[in-house]
Every structure is written in C-alpha cells, then in structure tokens.
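Novice: Remember, our numbering sits 682 above the position in the sequence shown when you count from 1. C-beta: ideal position from N, C-alpha, C; glycine also.
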Amino acid sequence: MYELVYHSKARSRINKSDITDILEISRANNKKYSITGCLIYFGKKFIQILEGDKSAVHNIYSKIEQDNRHFEVTLFYHGPKMNREFKKWSMGYFEGDNSIMQTKFGISENALLENSHRSKETVKEFWQSIKKIIE
Ligand SMILES: Cc1cc2nc3c(=O)[nH]c(=O)nc-3n(C[C@H](O)[C@H](O)[C@H](O)COP(=O)(O)O)c2cc1C
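#1: Exposed or buried, residue 754, counting other C-beta atoms within 10 Å across all chains shown (16 or more means buried)?
#2: Three-state secondary structure (DSSP) at residue 842?
#3: Work out the CA separation of residue 761 and residue 750 for me, nearest whole Å.
#4: Does any heavy atom of ligand 1 sit closer than 7 Å to the C-beta of residue 757?
#5: Under a three-way DSSP split, which group does residue 696 fall into?
#6: Could you check whether the stretch 708–716 touches the stretch 686–700, counting it as contact only if at least three pairs of C-beta atoms, one from each stretch, sit closer than 8 Å?
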C-alpha cells in the first residue's frame, strides 16, 4: 500500500459544480483503479490524499497535476503505508475554511504546509482527524 498527499490552489473561478464534477470523475476512476482517499477544499485550496498501488497512485497524480482547475500542485508527502485510512471512500470530501482547520485540527494551514511538518506521523494524524469528521 502506498500513499500520496499534495496541496494545490484552486483557480479563482472554481464553483460548486466544478467540485461536483471533480468528485464524480474521481469516484468513478478511483474505483476502477482501487484508489481510495479524501479531498479537502478550504479557502480556495485543495489538499488530497490518494491511497493504493504505487503505480496506480502515480498515474492518477500525473493526471491531476495537469488539471487546469487548480495550479501550484505541490507534492507534500508520498511513501509506503500499512493500511488504507479511507477504505470506505473512493474519494471522501471535506469542505471547510481556515478557522475550521485551526479549531478542528489544532493545526494552522501554514503549520501543515510547512516543510518541518512533512512527516509520516503528522500526515497520519491529520487524515485521521479528517476521517472522524466525515465518517
Ligand atoms: C483537486 C482535484 C482532485 C482530483 N482528484 C482526482 C482523483 O482522485 N481521481 C481522478 O481520477 N481524477 C481526479 N481529478 C480529475 C483529474 O485531474 C482528471 O480530470 C481526470 O482523472 C480525467 O479522467 P479521464 O482520464 O477519465 O478523463 C482531480 C482534479 C482536481 C482538480
């Protein structure tokens, strides 16, 4: 099992129906390739985790990187893991704002995106707290 987490900035014209489209195609494609994960949309930014076979994860990520609905797609963390965090989700979704990120996760956006926090443990704790909210 392999995981990849990235963050990106949404194009300013992004609206609800773009998000619905992204989730629809993601859920259909990810099911096909046994990918699970979660997408967070907050303050015009995305954070996403993809879980699955290494090659399947990288294939999907290379498509996502080229998608013009977002930009500055930045790899945050990737590596092997024992188990899927989002086994029930071909793509879970959570929408929030910066203050929710701070109060719910006790982690500010900047802290999360800083290099010094780019560890396997931080990533795991972060996604576990997201999972608690969406499940
Ligand atoms: C923020 C964001 C997240 C995305 N997540 C996924 C995803 O998890 N899986 C996926 O297949 N496509 C995802 N997409 C869509 C891809 O960029 C691409 O449009 C899609 O995979 C193309 O599918 P197709 O090759 O079947 O046309 C995402 C796009 C954006 C902007």
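Specialist: Based on what the coordinates show:
#1: exposed
#2: The structure shown does not extend to residue 842, since the chain is modelled only from 683 through 817, so no value can be given for it.
#3: 26 Å
#4: no
#5: coil
#6: no
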